[in-house]
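Start counting the sequence shown at 867; every next residue gets the next number (the numbering used here). In this text, a Cβ means the ideal position worked out from N, Cα and C, and glycines have one as well.
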Amino acid sequence: MCTTINVIFHQSENQKPAGEAKPIRKSLDQHEATDLILKGRCVLDTQQSTPPMHLLDQLEKSIAEIERVGPQAIDGRVLGRIEEAVLKDGKRRMVVEDHLLEHLDGGHRAVASFWKRMTKCQQNLDDFRQSLSDCIAWQSKAATTTTVYQEPTPEDMVEEGIVYLNKGHRQYECSIVGQDWARFSLRVGELKEFVIEQTRRCLADGRLIAFQNTGRSPLLYQPDMWRNVWSFDISSYTRQYFYIFSADLPQSWFQKSHLPHNSASKPVFKNAADHLLELYERYEAGNGKRYKRDEAIENLKAQFNISKNKASDIWKNSDLPKWKKGGRVSSMNPQNTTQ
């Protein structure tokens, strides 16, 4: 098996002799080549004798290790502290305790930031995928072509050693490039979705924190809502939501011994009350389930790490006429909640 990767070094303007501007092609050990490509010191040469599997292996390995993007922010007091600091006085803060925050407006920017944080690659995801696809295209040019009249499955493509050239109506023009290149092509095709899915996992795990960016002031979204936020936001370039990676925040916040009890308690109760009202509004709009008292209390306990008594108080003081038998009550003021 080949253990080298072909790369291209582009000379800077002050290094080029007069009248010369040719790139320098080299064949490097796959480990060295991968390191230099990701650092932006050279680019992948499209002319490869074998697919650069090691480069793809290293990328996928890095993308899988989502623990490196920060700790989980799912504890109610941690979330309260984050909201209090990041949205101080109802305004977005770019610096918290000397930590510079990267505010990511829209899901596409969250994906782009995740890619760079995990891979340290100087190219953006789409450009890097294109460089990998160009290797496949170059290999296809010299290959024998064949036409199939039924769309091949991924397994068929590997077994036959083929990659697509053109997809026509009820016929598919393919190049016969061999099984290794066919496997490589399939993995390149899946790379972007893998990055998106891993970013979704960060959101579900609380390593990527979601905020609503509409209305009079931003609002921290609670964990059970994050997946719904993402499924909406990832499909477009909307800036209705913005995101922050937990790695950008002071890491001491995520240690239990450093969690403040008094300063974060009121935001947590208010967040829980707002969360319950949001569930109710979704129900009224026909987009959510009907919660019974015990279900709602268990939901608040799990999401905000509060006691059953506190959750019961929030239910009691929340305006939920269609979920209660007793009609309307006044909305909860978190400052009046029994401490």
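Cβ-based neighbour list, residue i, same chain, cut-off 8 Å, excluding 5 preceding and 5 following
| i | result |
| --- | --- |
| ILE1042 | ALA1009, THR1010, THR1011, THR1012, GLU1026, GLY1027 and ILE1028 |
| VAL935 | PHE980, ARG983, MET984, CYS1068, ARG1073, LEU1074, PHE1111, SER1112 and ALA1113 |
| ARG995 | VAL1054, LEU1057 and LYS1058 |
| GLU1150 | LYS1188 |
Sub-8 Å separation of residue i and residue j beta-carbons
| i | j | result |
| --- | --- | --- |
| LEU1085 | PHE1077 | yes |
| SER1112 | ARG1073 | yes |
| HIS920 | THR900 | yes |
| LEU967 | ASP1114 | yes |
| THR1065 | VAL952 | no |
| ILE1088 | ASN1137 | In the sequence under discussion, the amino acid at residue 1088 is Gln, which differs from the Ile named in the question. Yes; because the gap between Cβ atoms is below 8 Å, this pair is in contact. |
| LEU1057 | MET1023 | no |
| PHE1050 | PRO917 | yes |
Alpha carbon of residue i to alpha carbon of residue j, nearest angstrom
| i | j | result |
| --- | --- | --- |
| ASN872 | GLY946 | 51 Å |
| SER999 | ASP955 | 48 Å |
| GLU1164 | ARG1156 | 14 Å |
| LEU902 | CYS908 | 6 Å |
| HIS1127 | THR1019 | Residue placement at HIS1127 is flagged as unreliable, the pLDDT there being 45, under the threshold of 50; a coordinate-derived value is accordingly withheld. |
| ASP1206 | LEU922 | Nothing can be reported for residue 1206: it is not among the residues displayed for the chain, which extend from 867 to 1205. |
| HIS974 | GLU1063 | 12 Å |
| ASP1046 | SER1173 | 57 Å |
| LEU925 | ASP911 | 17 Å |
| ASP1160 | GLU898 | 59 Å |
| SER1123 | PRO937 | Interpretation of SER1123 is limited by its pLDDT of 42, a score under 50 that renders its predicted location unreliable; the figure taken from the coordinates is listed afterwards. Approximately 15 Å, taken between the alpha carbons. |
| GLU949 | SER997 | 41 Å |
| LYS1182 | LEU1166 | 13 Å |
| GLU1021 | ALA1048 | 10 Å |
| GLU1039 | THR870 | 31 Å |
| GLY1044 | GLY906 | 30 Å |
| GLY1055 | ALA1177 | 47 Å |
| LYS1158 | ALA939 | 27 Å |
| TRP1004 | LYS957 | 51 Å |
| ASN1032 | LYS1007 | 13 Å |
| CYS868 | GLN896 | 9 Å |
| ASP993 | GLU1017 | 28 Å |
| GLY1152 | TYR1030 | 44 Å |
| GLY1154 | GLN1037 | 44 Å |
CA nearest to the CA of residue i, picked from the options
| i | options | result |
| --- | --- | --- |
| ASP964 | PRO889, GLN1117, LYS1167 and GLU926 | GLN1117 |
| LEU894 | LYS888, TRP1092 and SER915 | SER915 |
| GLY1034 | PHE1050, MET1023, VAL1014 and ASP1022 | VAL1014 |
| CYS1001 | GLU933, VAL1134, GLN913 and LEU1186 | GLN913 |
| ALA930 | ARG1049, ILE874, GLU1059 and GLN1088 | GLU1059 |
| LEU904 | SER928, MET1091 and PRO889 | SER928 |
| ARG959 | LYS1158, GLY1154, PHE1135 and SER1083 | SER1083 |
| GLY972 | ASN1079, ASP1071 and ALA1151 | ASN1079 |
| GLU933 | ALA1168, VAL962 and ASP1071 | ASP1071 |
Residues of its chain near residue i, where Cβ-Cβ distance is below 6 Å and the 5 sequence neighbours each way are ignored
| i | result |
| --- | --- |
| ASN1171 | ASP941 and GLY942 |
| TRP1092 | LEU1069 and ALA1076 |
| VAL962 | ALA951 |
Contact set for residue i: own chain, Cβ-Cβ below 7 Å, skip 5 residues either direction
| i | result |
| --- | --- |
| TYR1146 | LEU1186 and TRP1189 |
| ARG891 | ASN872, ILE874 and ASP911 |
| VAL1061 | ILE929, VAL977, PHE980, TRP981 and LEU991 |
| PRO889 | ILE874, PHE875 and HIS876 |
| ALA1130 | The pLDDT assigned to ALA1130 is 41, lower than 50, so where the model puts this residue is not dependable; a value taken from the coordinates is nonetheless given after this. Within the same chain, ALA1130 has close Cβ partners ARG943, GLY946, ARG947 and GLU950. |
| ALA1162 | LEU1142 and TRP1181 |
Fill in: Meets three-Cβ-pair contact criterion under 8 Å: the region 1132 to 1146 and the region 979 to 991
no
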